[in-house]
Ligand code: NAI
């Protein structure tokens, strides 16, 4: 069953009536999503308020090239913002009362002492209420992990809590707040990450920290059709998140190999046919699957990226769980991911990408999901470890941990739990398969190498787990 409150929220009349009646009904805001392929200027016509800092040069170039107009306190007559404004013919505006920015970027990469955190308050307190619906707040920082003292680590990590809370405060209006933690030496990767997090493609990512690293070489900067000429394998692509991902990858230029179970021949063939991709029918639970799939992939000339998406739930409390439920979930969601990666390793080109589907259940745990949460928690550790192993080949490995996404998997959840799953999110709704697909495309793209080793939550700010 669809989301009744979201459907109601789409009708301005209903919204007005609910407000007039004073009914405490939290009608979620329909999220603004991107409706076409990656564009040269995803922020065209947007006005963005910037609190400047050490990364001014990259922030100015990124926003200017993406089509935005920047507002700075006091405007800018010189420096990187003035130069970018001149290059793209969009003068830097002064921040004036009554402005309604589409987004705010706060550069706190220079913060080294708790007192420096005041910048976050000073920059956002006056404007946060006026950020437009479905707008963006991005805080740039350095990772706590690379801090050279306890004082600096505390300062940096404080921003994590700041952004998580802010995401909750602004989520009801569809606004997202994220923290981009940039490693020293990875500044040249910020542009692609910032473009993604400022754009409508990250509509269901909020309250998250993403680390920008230089673990693998940056791919060639491609603002449009980032996957042109690449072949990508997507497991479990007959429906749900897998099918949405296959479509999004094809939209960005990839040839997609659609893999699903033999009994799902009809829906899998339909997706493969629609995308003019390849079809691989294999039951991943079968012990021969990794070798069979490797042979099939080799016959397609190898791949540039693998999306380990196939997954199953077989919920029961541990006391009531039969062996088959345990074995199937651990096998399909974790065991085969490890085996298939090894079997495909010779057929995955250097510089390629691997994206694994985890789940916030792997972070928080759920009653009745000891098997599922174990399998997904395994993925959470597999991603950074594999990223380190494959870095010498320039292969980027990342993960996505979806929250509540509207698919067959979640349609099977009892109604009350399903409603709770939706409303727990800061954005007050479940995500769409396309929301996860957009993040996977970004991670599978050359630019996504900046997030190698990272697992990104796509949960609308469902604050379950870490
Ligand atoms: P879905 O049930 O709609 O699609 C999963 C696909 O995997 C199906 O097409 C299915 O046939 C395929 N599959 C299952 N077992 C297979 C096997 N043995 N061999 C080959 N293919 C197999 O599920 P959904 O929601 O699209 O999930 C996709 C991934 O996202 C899964 O890994 C799931 O655990 C993960 N996820 C989904 C969430 C959600 O809210 N929908 C939340 C968190 C994670």
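Residue numbers (the numbering used here): 1 to 466.
Ideal Cβ placement from N, Cα and C applies to all residues, glycine included.
Everything numeric in this text was worked out from a predicted model, so none of it was measured.
Separation of residue 165 from residue 207, as counted between CA atoms: The residue given as residue 207 occupies position 207 in the chain shown. The residue given as residue 165 occupies position 165 in the chain shown. A direct Cα-Cα distance of roughly 7 Å separates residue 207 from residue 165.
Alpha-carbon spacing of residue 94 relative to residue 77, whole angstroms: The residue labelled residue 94 in the question sits at position 94 within the chain shown. The residue labelled residue 77 in the question sits at position 77 within the chain shown. Cα to Cα, residue 94 sits roughly 11 Å from residue 77.
Straight-line Cα distance separating residue 116 from residue 360: Stepping through the chain shown from its first residue, residue 360 is reached at position 360. Stepping through the chain shown from its first residue, residue 116 is reached at position 116. Residue 360 and residue 116 have their C-alpha atoms some 32 Å from each other.
Helix, strand or coil at residue 333 [DSSP, three-state]: Reading the chain shown from its first residue, position 333 is the one you call residue 333. Here residue 333 carries a helix assignment [DSSP, helix/strand/coil].
The ligand NAI heavy atom lying under 7 Å from the CB of residue 354: To locate residue 354, count along the chain shown from 1; it is residue 354. No, since every heavy atom of the ligand NAI falls outside the 7 Å radius drawn around the Cβ of residue 354.
Whole-Å CB distance - residue 433 paired with residue 135, under 8 Å assumed: Position 433 of the chain shown, counted from the start, is the residue given in the question as residue 433. Position 135 of the chain shown, counted from the start, is the residue given in the question as residue 135. With a contact defined as Cβ atoms closer than 8 Å, residue 433 and residue 135 miss out at about 24 Å.
At least three beta-carbon pairs within less than 8 Å, the region 265-276 to the region 309-321: No, because fewer than three Cβ pairs between the region 265-276 and the region 309-321 fall closer than 8 Å, the two stretches do not touch.
C-alpha distance - residue 143 paired with residue 12, whole-angstrom precision: In the chain shown, residue 143 corresponds to position 143, counting from 1. In the chain shown, residue 12 corresponds to position 12, counting from 1. Between the alpha carbons of residue 143 and residue 12 lies a gap of roughly 42 Å.
Through-space distance from residue 403 to residue 257, alpha-carbon basis: In the chain shown, counting from the first residue as 1, residue 257 sits at position 257. In the chain shown, counting from the first residue as 1, residue 403 sits at position 403. Rounded to the nearest angstrom, the gap between the Cα atoms of residue 257 and residue 403 is 26 Å.
Nearest residue (CA-CA) to residue 171, options 127, 137, 252 and 385: Here residue 171 refers to the residue found at position 171 of the chain shown. If we check each option's Cα against that of residue 171, 137 comes out closest.
The beta strand (DSSP E) enclosing residue 371, as first and last residue numbers: On the chain shown, position 371 is the one that residue 371 refers to. For residue 371, no beta strand (DSSP E) segment is defined; the enclosing uninterrupted segment is the alpha helix (DSSP H) at 370-390.
Distance, residue 145 Cα to residue 151 Cα: As a position in the chain shown, residue 151 is number 151, starting the count at 1. As a position in the chain shown, residue 145 is number 145, starting the count at 1. Roughly 12 Å separates the two Cα atoms.
Sequence-distant residues of its chain with Cβ nearer than 6 Å to residue 54 (five each side left out): One-based indexing of the chain shown puts residue 54 at position 54. Excluding positions up to five away in sequence, the list reads 109 and 110.
Cα-Cα separation between residue 85 and residue 60, rounded to whole angstroms: The residue labelled residue 85 in the question sits at position 85 within the chain shown. The residue labelled residue 60 in the question sits at position 60 within the chain shown. One C-alpha to the other measures close to 8 Å.
Of the listed residues 189, 242, 106 and 174, nearest to residue 159 (C-alpha basis): The residue labelled residue 159 in the question sits at position 159 within the chain shown. Per the Cα distances, 106.
Euclidean distance between Cα positions of residue 140 and residue 428: Walking along the chain shown from the start, residue 140 turns up at place 140. Walking along the chain shown from the start, residue 428 turns up at place 428. Each residue's CA atom was taken as its position, placing residue 140 and residue 428 some 25 Å apart.
N- and C-terminal bounds of the beta strand (DSSP E) containing residue 362: Position 362 of the chain shown holds residue 362. For residue 362, there is no enclosing beta strand (DSSP E); the residue is found in the alpha helix (DSSP H) stretching over 361-364.
Given residue 35 as reference, the closest of 324, 396, 389 and 203 once Cα atoms are compared: Taking the chain shown and counting its residues from 1, one reaches residue 35 at position 35. Sorting 324, 396, 389 and 203 by C-alpha distance to the C-alpha of residue 35 places 203 at the top.
Coarse secondary structure for residue 257, derived from DSSP in three states: As a position in the chain shown, residue 257 is number 257, starting the count at 1. In the three-state DSSP reduction, residue 257 falls in the strand class (E or B).
Reduced DSSP secondary structure (H/G/I, E/B, other) of residue 188: Indexing the chain shown from 1 puts residue 188 at position 188. In the structure shown, residue 188 sits in a helix (DSSP, three-state: H, G or I).
Option in 197, 384 and 338 with minimal Cα separation from residue 287: Along the chain shown, one-based indexing puts residue 287 at 287. Closest by alpha carbon: 338.
Any non-hydrogen atom of the ligand NAI within 7 Å of residue 249 CB: Within the chain shown, numbered from 1, the residue matching residue 249 stands at position 249. Not under cutoff, so the answer is no.
Whether residue 300 touches residue 245 by CB criterion (8 Å): Counted from its first residue, the chain shown places residue 300 at position 300. Counted from its first residue, the chain shown places residue 245 at position 245. No; because the gap between Cβ atoms is not below 8 Å, this pair is not in contact.
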